[in-house]
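Numbering (this note's numbering), first residue to last: 47 to 138.
For every residue, glycine included, the Cβ atom is placed at its ideal position computed from N, Cα and C.
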């Protein structure tokens, strides 16, 4: 089963392929994407990597969190599902 990782603090010049390459040393990567602004196409400084299996995802968090990539220390963590905007208001 694959696991999705959030990767933050990315260099704004980083390409999808470079992000993928950084995680390949841990294990097979299903998908790697730097999130870009929908209007101007510029990087937003974070992305997502989908590792093929859970154990590689955990190893990626342990091995790559804080590691420098293109001059910036990556923040790597297991991605959590995004909360819907109304979820916070419903509890209030």
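Given a threshold of 16 other Cβ atoms within 10 Å of its Cβ, counted over all protein chains shown, does residue i qualify as buried or as exposed?
i, result
"residue 69", "buried"
"residue 120", "buried"
"residue 59", "exposed"
"residue 72", "buried"
"residue 47", "exposed"
"residue 106", "buried"
According to the Cβ coordinates, are residue i and residue j closer than 8 Å?
i, j, result
"residue 51", "residue 91", "no"
"residue 97", "residue 49", "yes"
Candidates the options: which alpha carbon is nearest residue i's?
i, options, result
"residue 122", "48, 65, 99", "65"
"residue 103", "67, 118, 124, 86", "124"
"residue 79", "85, 100, 53", "53"
When you compare the CB of residue i with every CB in chain D, is at least one pair closer than 8 Å?
i, result
"residue 103", "The structure shown contains no chain D, having only a single protein chain."
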